[in-house]
Each structure stands twice: as C-alpha cells, then as structure tokens.
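**Q**
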Amino acid sequence: APVMIPGVPDCDFDRGEPPLTEQQIRYFEKTYHDYHLNDDEHRFEFTGQTIGKPLESFILEKDTDLTLLNGSKKSYPRGTWMLSSRITDPVAVQTALDGGYTGYSPTVKNREVADRLISALKSEILTYPEFMSACKSHSIDGLIKDVVDPVVLSVSLTKKPCQHHSKFCKHNISGENMANNDPDVKTKVLAALGM
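Taking our numbering, the leading residue of the sequence shown gets 2, the next gets one more, and so forth.
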C-alpha cells in the first residue's frame with residue numbers, strides 16, 4: 002500500500018499540515034531504512050512491539066494505476082512511497098484477514114528520540130514502566146511540519162490511514178501491479194499461510 006502520497010492532504014490538513022512534496026517523501030522513505038519497523042495502530046512507541054517486517058519499500062517513478070483490494074482502480078502519482086510487509090504476529094494476521102487493517106500510516110518522530118527509543122529497546126536497560134515514561138515524555142501529538150530533524154520510526158498497519166488514499170492494493174513485491182480480477186484474495190492468503 003502507499004505510505005505517503007505527494008500533494009495529497011492528510012487528516013491533519015485542517016490543523017495546518019501541508020501536503021507533502023515528492024522530495025519530502027523520498028527523504029522519509031530513506032529515513033525508514035534506519036528503523037524498518039511495522040507496528041499496529043502507532044503503538045510501537047508505547048509497547049516496543051512490532052507485528053511484522055517490511056519486505057520492500059520503494060518510490061513510484063511514474064504515475065501508476067493500481068487495483069485496490071475491493072477491485073476499484075486508483076491512480077497514484079510519481080513520488081508515492083509504496084511498502085509491502087510480512088505480518089508475523091498471529092493476532093495481527095487475523096486482524097488483517099478480518100479487514101481490520103485497510104492501509105499504512107507512518108509514525109514521524111525526531112531522529113534523536115527515535116534513536117533513543119531503539120537503543121533503549123536493544124540494550125534492555127530500561128524497565129517497561131521506564132520505557133513507557135520515556136516514550137510519553139517525548140510523544141507530541143503535533144504536525145510533521147513541526148518535528149525537528151524528522152524520521153519515520155515505524156509504519157503502522159491501521160484501520161484508518163491519515164492519508165485516506167493509502168489503501169491496500171493488489172501489488173506484488175517486484176513493484177508490478179497485480180491487476181487480476183480474483184475477488185477471493187483472503188482464500189489465497191490463507192492458503193499461502195497454510196491455513
């Protein structure tokens with residue numbers, strides 16, 4: 002699914018968040034390579050838990066028409082950041098199969114804060130309550146434009162992406178549109194998982 006789409010307002014537009022440019026999105030996609038985290042509904046910074054791993058992250062180099070899971074077509078502009086993930090958490094797999102996730106949403110943080118959170122998790126120096134306290138003290142429910150030295154710490158699977166057009170599509174990890182007419186994607190996913 003798309004993670005960020007250039008020129009498209011997000012859910013914070015009315016609060017003053019301008020649409021992101023292609024250059025900004027290319028920058029954010031590169032910063033994500035330092036973290037490579039997939040979480041559930043932006044909960045990583047509060048739980049330290051991930052639910053999957055990114056398989057491929059890339060920028061569309063030309064305007065591209067993709068088929069959404071509901072069968073409709075959507076056109077995405079050059080500069081759209083696309084991501085594919087493998088969900089590894091069993092509860093998250095079931096949530097995805099039940100339609101509980103419809104797309105991606107990035108968690109943008111200050112680079113220093115993101116690096117400290119990752120270091121704390123890797124070192125296991127902090128206890129869980131200390132980790133929670135540190136996260137809360139650095140969590141600002143603000144706008145991307147206000148974050149100094151911003152990076153994408155994680156990309157969440159979510160029910161309501163902030164960019165409403167960031168919906169899952171039929172897309173394979175080689176970057177080619179899987180424009181097939183098979184309505185039973187769930188059956189294929191279950192078969193691939195051996196379920």
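Heads up, the beta-carbon is just placed ideally off N, CA and C, and yes, glycines get one too.
Everything numeric in this text was worked out from a predicted model, so none of it was measured.
Consult DSSP for residue 149 and reduce its assignment to one of helix, strand or coil.
**A** Correct three-state label for residue 149: coil.
**Q** For residue 22, which residues of its own chain have a beta-carbon under 7 Å away from its beta-carbon, when the five flanking residues on both sides are left out?
**A** For residue 22, where only same-chain residues beyond five positions count, the Cβ hits under 7 Å are 7.
**Q** Look at the Cβ atom of residue 32, then the Cβ atom of residue 104, and state whether they are nearer than 8 Å.
**A** No, they are not a contact pair.
**Q** In chain order, which continuous runs of the alpha helix (DSSP H) of length 4 or greater are located wholly inside the region 40 to 128?
**A** Within the region 40 to 128, the complete alpha helix (DSSP H) runs of at least 4 residues are 45 to 48, 91 to 98 and 112 to 124.
**Q** Look at the alpha carbon of residue 106 and the alpha carbon of residue 88, and state the distance between them as a whole number of angstroms.
**A** Roughly 15 Å separates the two Cα atoms.
**Q** For residue 50, count neighbouring Cβ atoms within 10 angstroms of its own Cβ and tell me buried if that reaches 16, exposed if not.
**A** With fewer than 16 other Cβ atoms within 10 Å, it is exposed.
**Q** Is the beta carbon of residue 80 less than 8 Å from the beta carbon of residue 119?
**A** Taking 8 Å as the Cβ cut-off, residue 80 and residue 119 do not qualify as a contacting pair.
**Q** Expressed to the nearest angstrom, what Euclidean distance is found between the alpha-carbon atoms of residue 9 and residue 151?
**A** Rounded to whole angstroms, residue 9 to residue 151 spans 19 Å at the Cα level.
**Q** With the cut-off set at 8 Å, would you say residue 144 and residue 18 are in Cβ contact?
**A** Contact flag set, yes.
**Q** State the DSSP-derived secondary structure class of residue 159, mapped to helix, strand or coil.
**A** Strand at residue 159.
**Q** Find out if the Cβ-Cβ distance for the pair residue 102, residue 96 is shorter than 8 Å.
**A** A contact, by the Cβ cut-off of 8 Å.
**Q** At what residues does the alpha helix (DSSP H) containing residue 24 begin and finish?
**A** Residues 23 to 33.
**Q** Using C-beta distances below 6 Å, list every residue in its chain close to residue 37, excluding the 5 sequence neighbours before and after it, in chain order.
**A** So the list reads 55, once near-sequence residues are dropped.
**Q** Between which two residues does the beta strand (DSSP E) carrying residue 9 extend?
**A** Element bounds for residue 9: n/a, residue is neither H nor E.
**Q** Hey, residue 75 and residue 67: beta-carbon distance below 8 Å or not?
**A** Yes. Within cutoff.
**Q** According to DSSP, residue 171 sits in a beta bridge with which residue or residues?
**A** According to DSSP, which records beta bridges pairwise, residue 171 is partnered with nothing at all.
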